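Colleague:
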Amino acid sequence: MRFDLWGQPVEVYRNANFSIYSRQPCNAKCHFCVEELRPASRGRSLSVQKTVEDDDGRYFDAMAASLEALRPLDPTISVTGGEPSHDPRLPRILALGQAHQGRKRTLTTNGSGLLQQREGKRVIDWIVDTGIQHLNISRAHPDHDRNARLMVMKDGLRADELRSVVAAATAGGTRVRLSCVLLEGQIDAVEPIVDYLRFARSLGVDNVIFRQLMKTDPAAVVENHVVKYSDRARVRLEPLLDALSADARFSFERQIVGYYYYVEVFRFEDMDVVFEEADLAQLEETKRSGPGIVHELIFHPNARLASTWHPWDGVLGPPPSMRASLATS
Ligand code: SF4
1 MRFDLWGQPV EVYRNANFSI YSRQPCNAKC HFCVEELRPA SRGRSLSVQK
51 TVEDDDGRYF DAMAASLEAL RPLDPTISVT GGEPSHDPRL PRILALGQAH
101 QGRKRTLTTN GSGLLQQREG KRVIDWIVDT GIQHLNISRA HPDHDRNARL
151 MVMKDGLRAD ELRSVVAAAT AGGTRVRLSC VLLEGQIDAV EPIVDYLRFA
201 RSLGVDNVIF RQLMKTDPAA VVENHVVKYS DRARVRLEPL LDALSADARF
251 SFERQIVGYY YYVEVFRFED MDVVFEEADL AQLEETKRSG PGIVHELIFH
301 PNARLASTWH PWDGVLGPPP SMRASLATS
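In terms of full-length UniProt numbering, the sequence shown opens at residue 1 and continues consecutively.
Following this line, the structure appears as structure tokens:
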């Protein structure tokens with residue numbers, strides 16, 4: 001879709017998503033962290049490339065200006081991190097997304113802050129009351145202690161706490177999805193997947209995504225601990241999908257071929273079960289073969305809108321003149 005963005009013509013993938021990347025550092029330290037993996041795939045470290053706009057006024061003015069400028073596209077909106085459930089700015093972020101009536105709004109979290117109070121109510125209640133349709137909760141294993149070890153997170157929710165989060169979400173019309181990485185020796189085959197699905201169902205969840213650990217771009221990657229762990233622990237999705245196709249408990253629904261990801265959707269009993277693999281090298285290749293086309297819209301912690309997950313690459317705005325007037329208004 002072509003339209004003018006702050007006076008400049010842009011060509012944007014029709015289904016592009018507007019991602020609000022929370023500045024809040026994550027309280028977990030997953031060995032396979034995607035937030036760390038993305039900069040590593042471009043040869044940088046997260047600590048070097050992540051900068052923050054500390055001034056709330058400038059931050060929210062730039063976010064509102066970006067949402068307004070993207071109105072012709074009417075993008076879906078997702079809030080991600082970092083860890084948004086611990087972000088003091090989250091209530092205002094959610095309210096702004098609601099005010100702009102994003103056609104589908106999603107929040108992704110490791111879940112640990114959902115029962116905390118923020119500005120007078122629980123974070124889960126902020127999420128439900130501002131009309132978030134989909135809440136993705138990352139969980140690497142049904143067992144609490146194993147999950148805590150895999151995600152290096154002391155304060156993750158226990159099953160009974162998760163159950164109360166799911167109940168509050170469902171009562172308010174927010175659909176919860178559990179997101180599980182496929183890890184060698186953990187959730188890595190059909191039976192552990194079935195066990196995970198039964199755990200999800202026991203919490204009231206009817207929607208689970210299993211992800212192959214992302215592949216990185218060998219031409220640019222820095223081999224840090226996250227890249228090495230991901231290469232070591234990655235479970236190949238293809239043979240797993242073959243095994244699922246031959247298993248009568250699963251029925252294949254559809255596939256989606258994205259610009260750097262591949263998805264298959266199955267049904268298991270009354271549940272939607274999604275499998276995804278993604279390759280950051282493929283993302284770079286897609287950008288090379290279609291230069292100038294914007295596939296992603298990321299609102300970074302430094303209050304800049306960019307077409308990549310890197311605040312130094314593909315910066316779209318707001319333009320400097322507008323930032324100056326926002327700062328003085
Ligand atoms: S919960 Fe998400 S952001 Fe936090 S360390 Fe794990 S993968 Fe990274």
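From the three backbone atoms N, C-alpha and C, an ideal C-beta is built for every residue, glycine too. Here the structure is a predicted model, which is why all the values come from computation and not from measurement.
#1: Looking at the ligand SF4, does it come within less than 8 Å of residue 276, judged from the CB to the closest heavy atom?
#2: Contact check, residue 107 vs residue 79 under 8 Å by CB: the rounded distance?
#3: Hey, could you find the ends of the alpha helix (DSSP H) residue 224 is sitting in?
#4: Assuming residue 111 contacts residue 85 (C-beta within less than 8 Å), just tell me the rounded distance between them.
#5: Would you report the Cα separation of residue 182 and residue 116, rounded to the nearest angstrom?
#6: Check whether the segment 190-197 touches the segment 154-163, counting contact only when three or more Cβ pairs, one atom from each stretch, lie closer than 8 Å.
#7: Rank 228, 137, 201, 246 by C-alpha distance to the C-alpha of residue 180 and give the top, closest one.
#8: What's the call for residue 173, buried or exposed, on a 16-neighbour Cβ count within 10 Å?
#9: Could you tell me which residues DSSP puts in a beta bridge with residue 262?
#10: Using DSSP bridges, identify the partner residues of residue 174.
#11: Taking residue 349 as the reference, which of 269, 264, 268 has the closest Cα?
#12: Let me make sure I understand the geometry here. Which of 159, 201, 279, 270 has the alpha-carbon closest to that of residue 334?
#13: Taking any heavy atom of the ligand SF4 as the mark, which residues have a C-beta closer than 6 Å to it, listed down the chain?
#14: What do you get for residue 392, buried or exposed, if any count of 16 or more other CB atoms within 10 angstroms of its CB means buried?
#15: Report back the beta-carbon spacing between residue 215 and residue 281 to the nearest angstrom; my notes put them in contact at under 8 Å.
#16: Which residue from 238, 178, 202, 203 puts its Cα closest to that of residue 342?
#17: Would you say the beta carbon of residue 262 comes nearer than 8 Å to a heavy atom of the ligand NAD?
#18: What is the DSSP secondary structure of residue 52, reduced to helix, strand or coil?
#19: Touch check for the segment 304-312 and the segment 41-49: three-plus C-beta pairs under 8 Å?
Modeller: The structure says:
#1: no
#2: 4 Å
#3: Careful: residue 224 lies outside any alpha helix (DSSP H) and carries neither H nor E.
#4: 7 Å
#5: 29 Å
#6: no
#7: 137
#8: exposed
#9: 257, 277
#10: Note: residue 174 sits in no beta bridge, so no partner.
#11: Since the first residue shown for the chain is 1 and the last is 329, residue 349 is missing from the structure and cannot be characterised.
#12: Because the chain spans 1 through 329 in this model, residue 334 falls outside it and cannot be assessed.
#13: 26, 28, 29, 30, 33, 34, 35, 81, 83, 110, 138, 151
#14: With the chain represented from 1 up to 329, any question about residue 392 goes unanswered, as that position is not in the structure.
#15: 6 Å
#16: One cannot answer for residue 342 here, as it falls past the ends of the chain, which runs 1 to 329.
#17: In terms of ligand content, the structure shown lacks the ligand NAD and carries the ligand SF4 instead.
#18: coil
#19: yes
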